[in-house]
Structures are given as structure tokens and as C-alpha cells.
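Per the numbering used here, the very first residue in the sequence shown carries number 488; after that it's consecutive.
All residues carry an ideal CB built from backbone N, CA and C; glycine is no exception.
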Amino acid sequence: MSLVIPEEALEQFLAGRGWSLRGLMRGDYELTLDEVQTHILTEDPVVFAESMLWERDADEPTLWRLFDYQKGSMRYRGDTVHQCGAEVGKSREITALTLWRTTTRRGDVLIAAAQEGHLDEVWEEIAFQREASPWIEAQFNPKGTKVKPYRSHRLRNGNRILFRPCGNDGTALKSLHISGTIFLDEAASVRNRKVFGNFFSRAKPGCESRVYAVPDGDRTSPYFELTEESVAVDVFRPVAVPGKRAKFIWPKTLMPEPWWSPERQAKLARELGGVDSPEYRQNVMGEHGDPTSSVFPWPVFSQCLRYDPDYVAVKLTLQATDGLIYVDAYRLNQAYQVAAAGDESDEAAAGPEVPICREQVAFTPDALTTLIRRFFSPSEGRQLALGVDFGGSENPSELLLFEQTGLRRRVKGRLHLKRWPYPDQERAIRDLFDVVEPALGAGLDSTGVGVTVEQLLLEMREGRRYLGGEIGGYVFNNTVPEVGEDGEVLLDSRDRPRMVTLKELATRILELEIQQQTIEFPYDPDFMVAFPGHTARIGPSGQRIYSKKNDHLIDACRVAELRLRFLGEGAPVDLGGFQGTGVLTASASLREVY
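Structural data, given as C-alpha cells:
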């Protein structure tokens, strides 16, 4: 073996044993120089990285030199979570520890990430190091590299390097048993808690788990919870905390020049919207902050979360090919809400949901009606309103029940329908009217596929209740005049009414209620993901353009707000085809409600 490790590492090893380099070269000790080097490489991943790995972008062959803050993490043996700015060395650490573990020690390595593309950088870096280092290449089985069905390497010593995309629920991780190290990269992008469960379950006793991400501001994600449960350590001199995961926080400010300097800071501040912007806080400082351009920032939205023992959520997924309905109904676990305060009881550990039932039932013409009547009950004089966002194909429909009490409103129930045809969605709304009797009526999202269901509801058929005066269909792109706090119509520079889209109006109402805490949401995990994660960008004319990703619950809230806004003190107002006139009285009459 013709390795040359850093002189400092060799001197430290010899001094610790009272040996001298001259004596080692003479053969005075039980180890040869090659054996000493091998021992040091096996025990110290930092020495391994700086002795064995080569810079890919250097003009001439250059060995790696790690930043000082990386060395503490590399040498730390135990479970870790890394909360980092962008481009501070996460992939390099994964690469170095993977090659160190599999070439010098016993044990397989699993590298998982939210998506297949997130694995590319480490895969390509390992391929480069194999080409650059004859010694590393010699450790790999030449016939042990696969790319299908999943990428993997097998080494001559029997160790494996396995790459797996997490997918939706971590199914690709199952059936693996890892004794060395498991890595999860881009962990903030993983939203499904099942993925984290499947990931951590891969580790055999003694296996290290290491999780990495740039925070994205989603305080409801499993990654955020993991960082909160872990103990921050000194990145230069980390000390293990028994029973706890170590948290390494790597902001860009730890990097030396030229990676970090006053000029670099000023450039990033300009590009990312200022030092207080979410992008800067996350990508530079490694802080959670808010989601980029969050419409409902978590610190404000979280103040409106309440535990409601009466809240019920029912998810019905139709699998037509099997003739089955998958039923998932649950209430909320109050013990889980106080777990952050130190409650480690079995009830708290059970999760945020208390299942009512999780089963499969046969699809029959009356099955949907039977299920709705099973889980929902009459309102008993309460002032309820229904908000409905319709989904097509794989997009779900969300039906939310709101209760109005004075100036306060709260979400009381939720019906989530997936893969149901339009006539069945019409039936679900009629069934809710029959069972719950929402006295304040229903607001429907009549944008796109929703107009079809609205038309079915408005048809007058013998033996069916006519809902014409009890529903309001709203097209989000339609506009209404803006009304000021005094109820007067606001005018533009040409003395014409200033117009606002119904979607923007509904969003402003929600924002105001959330800020004033006059609206209450359940601790339903889906709400806690959807609202803080809802983002907007500014369009060419200065208007907000909202993300359409995971916005079904929010749109159901929007149309419920529009229904209540335009209901007024008299007869309900249907704005399905409204284009800008006839609403001023209704808007003004409701200014006392807000």
C-alpha cells in the first residue's frame, strides 16, 4: 500500500503511543508504516477524505481539504441531523463518509433522498473518485455496479452502497437492513411521515442515521420536528448527548473566503431579497424561517390552531376497478398537541390523529350516503356554512364545514373525496345538506370542473331539494369592486372602481381573520402543511399569483369566506356569473361582521 497520509495525522498517532517515525521506519514496533496508515484511515474519516479524495473541479490534481466545521461532524459517531445553508458541503460529507465506511470498515450504506434526481450528485462524485484514485477503484467489485431497478455498488469486501428515492411513502426503502450508515438527503422535501418511519427502520443496531437538508420553512414537516427534538452541538467540538440526536447547524457564515466575505454577503442579499427574506434566512443562515413568499406564515397561522374534540375528518377514496371505497375517518389526539411540552406518554406518541375507522367497504349506489350519515350529525341549531373545492382525476375534492359564532368561525368537519365522479360529488353535497343542514348555505368553487357539479345541484328534479338559494358558485378570476373600511367603493386614478378578483378578495379575508385570530383551524396535519406552504409570486401588474400546489383545503376555505361575505343580512346572493355590479350593498352590509 503506497498511501501518504497527512504528516500531522501520522505524528499525532505516533505521539499517542510514544513512538517515533525513525523507530517505525526501522521496524522497532509491531506495525509497519503501511499498517499504521491503514489504521489511521480506518479510524479517522477526516484523514481518509484529505488523503484519498480528489477535487473534481481543480485545474490540476488536488486532494480534498475540508472546512474546519465539517471535521467535527465527520468524526462524530452517532445519529445526526444537519440544518444547513445551501452549498456548505452536505454532499461532500455524504460522499466521504460513504467511501470511508465501505472501503475501510464493515457495513453497508444506504443513501436515500426525496427524489431520484437528488441522488445524482453523490452518485457522480463516487464515480469520479473511482476514476481518480486507483486504490479506491481497487476496492470496488468491477461487476457490482447496477443502475436498475435502483442504483447500487458492491465492493470486494462485500459491503454495498445502495441508492434509493423515497417516493411518496418510502416503499422503495423496505426490505433493506443496513449495518453501517443510512443517509437521508434533502429531507425537508419529504412530507409523508411514513417515509421517515421506513427510513429509520432500515438501521440495524449500531447503525448510524444522518439526515440533511436546507430548511424550507415548513414547520409541520417531519424534518422540522426532527430538528426540534435534537440537541444542537458545537460544530467544532461536538459532544454526544446520551439518548439524543446531535444537530449540526451550518450557515454559510462559517465558510472561509472566498466562499464567504462581505462582498459575497452583499451579493446574496441582493439576489435573495434582503437579509430578512425567507430565501436568505434559509439558504444562507440555515434557519427555518417561513416558506418562500408564504401567504399564511407559520408563526401567525399557528396561533389559530385549536384542539376541537368535535372535529371529524372523513377521507373516502373510490377504487372503481376493485369496487371498493377506502375509508379513513379520524378525530384529533389532544395528547399529541402537548407532546412538545414534554409529554412522552403512549397517547402522545400515537400521533396527531385518533382513528375512528380505517376500512374498505363495497361500493354500492347508497354507500356514499350511508357513510356520510355515519360520520356526520345534525347541526342542532348551530350556524354552519359549507365550503367546497372540486377536484378532477387524481385531485381530491374538499368539503369543509364552518361554524359561525358571533364574530368567530371555526372548521368543524371535513369530507375529503378522491376519484369520485361528478354525480357522486353532487350527492355528497346534497347528503350534507340533508344531514347537517348548513343554515348559512354553501360556497362552491365553480372554476373549471366545479361548474359541472354546480349545474347538477341547480337542476330542478322531482323529489329532490332545490338548492338554488342555498348555494353560491364563485369563479375565482371574476372581479368585484374593492371596498374600503368605511364600506365605500375605492376608485382608481380615473375615478373608476378598483377591481379585485374573488380569489384575491377571499385570500385577504382569510389573512385578516388569521391575523386577528377570529378564525380557528384544527390540528389536522393536512391543514398544518397546506396553509404555511401556500405561496404566491408577484405578477407583471403587481397582482399576487398563487401557487396551485396543495391548495384544495385553502380554496374550500376561500369559497366559504365568499359565501359568508356576500350572504349579507337578507337573501343569499349567487355570484356564479358575477362580473362587477350588484354586490356593493351586500359587501357594505357585512362590514359590521368584520
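- DSSP places residue 1044 inside the alpha helix (DSSP H), whose first and last residues are 1039-1054.
- In this structure, the straight-line span from the alpha carbon of residue 788 to that of residue 1002 is close to 8 Å.
- Linking residue 494 to residue 540 through their CA atoms gives a straight-line distance of about 17 Å.
- Distance check between residue 605 and each of 622, 558, 672 places 672 closest, using alpha-carbon atoms only.
- With a contact defined as Cβ atoms closer than 8 Å, residue 958 and residue 937 miss out at about 11 Å.
- For residue 611, the uninterrupted alpha helix (DSSP H) run begins and ends at 607-619, by DSSP.
- Only residues of its own chain outside the window of five on either side were considered, and among them 819, 820, 823, 1010, 1012 have a CB closer than 7 Å to the CB of residue 839, listed in chain order.
- Straight across, the Cα-Cα distance linking residue 914 with residue 856 is about 8 Å.
- Under a 10 Å Cβ-count criterion, residue 725 is classified as buried, with 16 or more other Cβ atoms of the shown protein chains found around its own Cβ.
- Taking 3 residues as the shortest admissible run, the segment 949-1007 contains the following complete beta strand (DSSP E) segments, listed from N- to C-terminal end: 958-961, 966-968, 986-988.
- Only residues of its own chain outside the window of five on either side were considered, and among them 566, 568, 717 have a CB closer than 6 Å to the CB of residue 732, listed in chain order.
- For residue 560, the enclosing alpha helix (DSSP H) stretches over residues 555-562.
- Sequence-distant partners of residue 979 (beyond 5 residues in either direction) whose C-beta falls short of 7 Å from its own C-beta, in its chain, are 985.
- Residue 1016: member of the alpha helix (DSSP H) spanning 1012-1017, first to last residue.
- Counting only runs of 4 or more residues that sit fully inside the segment 735-789, the alpha helix (DSSP H) segments are 749-758, 765-770, 785-788, in chain order.
- Collapsing the DSSP output to three states places residue 652 in a strand.
- For residue 1033, the enclosing beta strand (DSSP E) covers residues 1031-1033.
- CA-CA distance, residue 940 to residue 595, rounds to 54 Å.
- By a beta-carbon distance limit of 8 Å, residue 912 does not contact residue 773. Their separation comes to about 44 Å.
- In the structure shown, residue 1024 falls within a strand segment according to DSSP collapsed to helix, strand and coil.
- With contact defined as three or more Cβ pairs closer than 8 Å, the segment 1016-1031 and the segment 866-876 are not in contact.
- In terms of Cα proximity to residue 551, the closest of 579, 948, 498, 843 is 579.
- Taking the Cα of residue 523 as reference, the smallest distance to any Cα among 546, 496, 953, 891 is reached at 496.
- Residue pairing from DSSP places residue 640 in a beta bridge opposite 648.
- Here the alpha carbons of residue 646 and residue 615 stand approximately 19 Å from one another.
- Counting only runs that start and end inside the segment 657-693, the alpha helix (DSSP H) elements of at least 4 residues fall at 680-687.
- Setting aside the 5 residues that flank it on each side, residue 678 is surrounded in the same chain by 708, 1016, each with a C-beta closer than 7 Å to its C-beta; the list follows chain order.
- The segment 751-771 and the segment 575-590 do not touch, with fewer than 3 CB-CB distances between them shorter than 8 Å.
- In this structure, residue 556 lies near residue 722, with their beta-carbon atoms less than 9 Å apart.
- In this structure, residue 1019 lies away from residue 680, with their beta-carbon atoms at least 9 Å apart.
- If you look at residue 899, you'll find it isn't in any alpha helix (DSSP H); it sits in the beta strand (DSSP E) that goes 895-905.
- The distance from the Cβ of residue 873 to that of residue 925 is about 5 Å, consistent with a contact at the 8 Å cut-off.
- Assignment of residue 601 by DSSP, reduced to helix, strand and coil, places it in the coil class.
- When DSSP states are grouped into helix, strand and coil, residue 622 belongs to the helix group.
- The bridge partners DSSP lists for residue 569 are 699, 735.
- Following the DSSP letters along the chain, one finds residue 577 inside the alpha helix (DSSP H) bounded by residues 577-591.
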